[in-house]
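Accompanying notes for the structure given below.
Residue numbers (the numbering used here): 87 to 506.
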């Protein structure tokens with residue numbers, strides 16, 4: 087059975103979990119056809135994206151006004167065909183849109199769904215899966231409403247917590263199954279889904295534990311950081327956005343250094359807060375102590391884990407509810423044998439068991455982060471123990487091969503996910 091797989095943009099450097107899932111499903115023999123709403127247009131591309139078997143079709147074209155015009159014409163013709171085939175169904179879906187609060191956004195997704203429905207039919211696809219609960223799931227849902235094609239979607243963090251609950255409830259009700267990456271998200275979506283909560287399947291993102299593994303001399307073997315010794319090498323990886331809590335991490339670094347513990351911080355990731363964070367680091371007197379490396383490939387990030395002593399995840403919950411699920415960089419760092427200091431946000435406590443596979447602090451508390459960093463700076467034995475515990479936790483519960491094998495049957499026979 088050919089399965090359409092829709093994401094917002096592909097390939098995106100920060101969405102390695104999407105690339106890993108696609109590669110894993112293809113390796114399991116699931117015949118995928120990839121679609122993206124738009125092209126990411128990023129300067130740095132993951133080399134592994136070249137391993138994807140399926141070509142990617144873009145609902146807004148792949149660039150240039152001629153391509154955009156051809157796509158617009160093809161979309162208009164697709165809608166003409168859908169209207170001619172089943173006028174009653176088409177008008178019913180259009181009326182449903184007009185009754186919704188967010189007309190403009192819904193109309194855009196409806197327009198995109200027409201072209202996607204046409205391409206899916208041309209490919210002979212029998213099912214469409216959306217990689218996110220917001221835009222991609224809305225488009226896939228409209229394909230379902232227009233054609234009757236079965237659909238499913240995944241929910242993660244921002245796409246779940248910032249989506250209107252009534253729209254989520256309708257999507258879950260009409261979907262064959264829904265994948266969520268954390269138990270916390272499964273609980274929250276389950277409350278919204280009500281009687282349809284049985285369609286929700288817990289499917290954590292897996293990590294390649296063969297690629298991300300400790301070096302021969304790993305397990306936090308650097309000496310304690312104190313006056314006259316080498317600084318403790320801290321690493322943070324993630325987009326430079328508010329929910330990652332980077333300002334708290336910078337303040338924690340100041341507090342730890344003020345207590346006499348030499349520490350340096352390397353930050354990998356791009357995003358809108360780069361300039362703000364650089365200025366803040368200067369204001370805090372951290373010039374030369376914090377490096378912002380920008381976006382990096384999977385291979386470069388893997389190498390950075392092996393050069394660090396401690397990984398830090400300072401995530402926070404934003405006023406609008408946006409938060410992390412389980413950051414993939416956290417899983418990668420733990421698989422690499424790094425001791426981690428993280429905040430108790432979203433699904434993070436599901437992988438970081440405090441005192442066993444890492445240390446947890448309350449979010450938004452730089453002083454709490456600083457205390458844990460100081461503890462690790464002065465105790466190499468604890469770093470080694472937590473590093474081993476971190477890898478063991480990921481290998482046992484978050485290995486990519488195991489995770490993919492668990493969900494692959496759903497894509498081969500979507501009806502298996504129906505509520506009896």
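Using N, Cα and C, we set each Cβ at its ideal position, and we do this for glycine too.
Quick caveat: nothing in here was measured; it's all calculated off a predicted structure.
Taking the CA atoms as reference points, residue 246 sits about 8 Å from residue 275. Rounded to whole angstroms, the Cβ separation of residue 396 and residue 372 is 17 Å, and the two are not in contact under 8 Å. Within the same chain, and ignoring the five residues on either side of residue 238 in sequence, the residues whose Cβ sits closer than 6 Å to its Cβ are 215, 261, 262, 263. Across the structure, residue 197 and residue 470 are spaced so that their CA atoms are roughly 54 Å apart. Between residue 144 and residue 165, the gap from beta carbon to beta carbon reaches 8 Å or more. Rounded to whole angstroms, residue 382 and residue 182 show a C-alpha spacing of 43 Å.
Runs of the alpha helix (DSSP H) lying entirely within the segment 374 to 412, each at least 4 residues long, are 384 to 393 in chain order.
Here residue 330 is actually not in contact with residue 236; their C-beta atoms are around 36 Å apart, not less than 8 Å. Linking residue 377 to residue 205 through their CA atoms gives a straight-line distance of about 45 Å. Remark: C-beta atoms of residue 444 and residue 270 do not approach each other more closely than 8 Å.
Here DSSP, grouped into helix, strand and coil, assigns residue 489 to helix.
Inter-segment contact for the segment 218 to 229 and the segment 279 to 297 is absent: fewer than three beta-carbon pairs are separated by less than 8 Å. Of the other Cβ atoms in all chains shown, 16 or more fall within 10 Å of the Cβ of residue 101; this residue is therefore buried. Residue 132 holds the alpha-carbon nearest to the alpha-carbon of residue 98 among 132, 148, 485. Nearest Cα to residue 472 within the set 453, 324, 194, 439: 439. Cβ atoms of residue 293 and residue 484 come within 8 Å of each other, at about 6 Å.
Rounded to whole angstroms, residue 405 and residue 257 show a C-alpha spacing of 25 Å.
Here residue 440 is bridged, per DSSP, to 444. Assignment of beta-bridge partners to residue 147 by DSSP yields no partner.
Counting along the chain, residue 239 sits inside no alpha helix (DSSP H); it lies in the beta strand (DSSP E) bounded by residues 236 to 241. Distances from the alpha-carbon of residue 486 to those of 93, 316, 106, 149 put 106 closest. Contact check for residue 202 and residue 92: beta-carbon distance about 7 Å, within the 8 Å limit, so the pair qualifies. CA-to-CA, the gap between residue 259 and residue 301 works out to about 47 Å.
Runs of the alpha helix (DSSP H) lying entirely within the segment 225 to 307 and spanning at least 4 residues, in chain order: 244 to 247, 251 to 260, 269 to 279. An exposed status is given to residue 385, since fewer than 16 other beta-carbon atoms sit within 10 Å of its beta-carbon. Between residue 200 and residue 168, the C-beta gap is smaller than 8 Å, which places the two residues in contact. Between the segment 342 to 358 and the segment 455 to 467, the count of C-beta pairs closer than 8 Å reaches three or more; the two stretches touch. With fewer than 16 neighbouring CB atoms inside 10 Å of its own CB, residue 136 falls in the exposed class.
Contact between residue 375 and residue 437 does not hold, since their C-beta atoms are separated by about 28 Å, which reaches or exceeds 8 Å. Rounded to the nearest whole angstrom, the CA to CA distance from residue 430 to residue 447 is 6 Å. Less than 8 Å divides the Cβ of residue 351 from the Cβ of residue 320.
In the DSSP assignment, residue 122 falls outside any alpha helix (DSSP H) and lies within the beta strand (DSSP E) extending over 118 to 124.
Here residue 324 carries a coil assignment [DSSP, helix/strand/coil].
Counting C-beta atoms within 10 angstroms of its own C-beta, residue 208 has fewer than 16 neighbours from the protein chains shown and is therefore classed as exposed. 103 is the residue among 103, 89, 87 whose C-alpha sits nearest the C-alpha of residue 417. Non-local beta-carbon contacts of residue 112 in its own chain, meaning distances under 8 Å to residues more than five positions away in sequence, involve 118, 138, 139, 140 in chain order.
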